[in-house]
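Student: Start counting at 1 in the sequence shown, then tack on 63, and there's your number in our numbering. Think of the CB as a built atom: it goes at the ideal place given N, C-alpha and C, for glycine as much as any other residue.
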Amino acid sequence: MNTITYRGKTYKGPASWHECTPEHWGALVGFARLPKADRTDDVVRLAAQLWLQVPSKAWSRWTLDAPQWEALQAQFAWIWEPPTGRPCESFGHEGETYYVFDEDFADTKALDLTMALMEYLAFAHPDAPDPTAYERILATLCRPARADLARFRRSDDWDGDVREPYNELRAADRADQFISLSEPVKLALFDYFERSAHDFLLNYERLFGGGGGEEPRYPDGRGWLMLLKNVAKDGHFGDFDRVGRQPAHLVYAALLDDVLTHEEITNPSDHE
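In structure tokens:
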């Protein structure tokens, strides 16, 4: 933490994203998405105020000379760069502890991620966005610990995921509860999801028509669900329920391998 003293009062500002609380992370993360050309003096001053969490009335009395202001800005320059990693391992809301998915969706099942991506498509729809999908994304991926966690850890099925299995109805109920969750915390979690989803989709872009200006192979979010059904139909991991419980990367890597193999067979000259 950086310590700043001004007119007898001491303020502490985090030295990196990972020194932020989830609330503080969410309050600052918007600055990392701002184009450099839009960093006006007013924006930078607002960033400084939020970084130090100075009340507005007190901030209005701050006066710094040029060298002081330059030195202060150097201490929070990191907020202009996107964060890496997750803002927290867990968070509390209305007496319940919710666990946040691992980086790179390492502990996330194929069905969980597929449902979250479907909700994301609804949220970001260019013509008819669904704002209620915002909380549903978080409720899909951020869940309480499973009731049998101690036994599960000792079992041969232990896969590192402490969260209870995904359930669509419970996720819908929790999405309603998340409406009252702190907005900065929701923003921190959503930004983490969006960054993770972006990287995931880049890794598997061939599945979605990501090359050469092609139309997406599965433009509708339900197409992602059909991908899992196709995996089950091919018998790679068992029936649909078993496919959905497999690690997301395992299922999507298998799908990608099938697509690339098909391309090599149908267009051998492109792979010489």
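Identify whether alanine 208 lies in helix, strand or coil by the three-state DSSP scheme.
Tutor: Counted from its first residue, the sequence shown places residue 208 at position 145. The answer is strand: DSSP assigns alanine 208 an E or B state.
Student: By the DSSP assignment, the alpha helix (DSSP H) with histidine 87 in it spans what residues?
Tutor: Position 24 of the sequence shown, counted from the first residue, corresponds to residue 87. Residues 85 to 95.
Student: Is there at least one non-hydrogen atom of the ligand COA closer than 6 Å to the beta-carbon of arginine 102?
Tutor: Looking for the ligand COA in the displayed structure turns up nothing, as the structure carries no ligands at all.
Student: Mind checking which residues open and close the beta strand (DSSP E) that includes lysine 120?
Tutor: If you number the sequence shown from 1, residue 120 lands on position 57. That residue, lysine 120, is in no beta strand (DSSP E); its alpha helix (DSSP H) goes 119 to 122.
Student: Smallest Cα separation from glycine 71: which of Phe186, Asp101, Tyr315 and Trp125?
Tutor: In the sequence shown, residue 71 corresponds to position 8, counting from 1. That would be Trp125, whose Cα lies nearest to the Cα of glycine 71.
Student: Mapping DSSP to helix, strand and coil, what is phenylalanine 154?
Tutor: As a position in the sequence shown, residue 154 is number 91, starting the count at 1. Residue state, collapsed to three classes: strand.
Student: Would you mind listing the alpha helix (DSSP H) stretches within the segment 212 to 243 that are 4+ residues and don't spill past its ends, in chain order?
Tutor: 212 to 217 and 231 to 240
Student: Just reading off the beta strand (DSSP E) that tyrosine 255 is part of, what are its end residues?
Tutor: As a first step, residue 255 must be located in the sequence shown, where it is residue number 192. Careful: tyrosine 255 lies outside any beta strand (DSSP E), inside the alpha helix (DSSP H) at 246 to 266.
Student: On the criterion of 16 or more Cβ atoms from any shown chain inside 10 Å, does glycine 275 qualify as buried, or is it exposed?
Tutor: Within the sequence shown, the letter at position 212 stands for residue 275. For glycine 275, the pLDDT reaches just 47, beneath the cut-off of 50, and the residue's location in the model is therefore unreliable, although a value from the coordinates is still provided. Under this definition glycine 275 is an exposed residue.
Student: State buried or exposed for leucine 201, treating a residue as buried only when at least 16 other CB atoms are found within 10 Å of its CB.
Tutor: Taking the first residue of the sequence shown as position 1, residue 201 is located at position 138. So leucine 201 ends up on the buried side.
Student: Helix, strand or coil: which one does DSSP assign to glycine 275?
Tutor: By 1-based counting over the sequence shown, the position of residue 275 is 212. Model confidence at glycine 275 stands at a pLDDT of 47, short of 50, so the residue's coordinates are unreliable; what they give is reported in the following sentence. The DSSP-derived three-state label of glycine 275 is coil.
Student: Answer with buried or exposed for glutamate 182, where buried requires no fewer than 16 other C-beta atoms within 10 angstroms of its C-beta.
Tutor: Numbered from 1 along the sequence shown, position 119 holds the residue referred to as residue 182. With a 10 Å radius around the Cβ and a threshold of 16 neighbouring Cβ atoms, glutamate 182 comes out buried.
Student: Which value, in whole angstroms, describes the spacing of the CA atoms of serine 79 and lysine 292?
Tutor: Stepping through the sequence shown from its first residue, residue 79 is reached at position 16. Stepping through the sequence shown from its first residue, residue 292 is reached at position 229. Using only the alpha carbons, I get a separation of about 43 Å.
Student: Look at alanine 317 and histidine 299 and say whether their C-beta atoms are less than 7 Å apart.
Tutor: Within the sequence shown, the letter at position 254 stands for residue 317. Within the sequence shown, the letter at position 236 stands for residue 299. Yes, they are a contact pair.
Student: Excluding the 5 residues preceding and the 5 following valine 106 in the sequence, name in chain order all residues of the same chain whose CB lies nearer than 8 Å to its CB.
Tutor: Working through the sequence shown from its first residue, we reach residue 106 at position 43. Closer than 8 Å at the Cβ level, and outside the excluded window around valine 106, lie Phe94 and Leu97.
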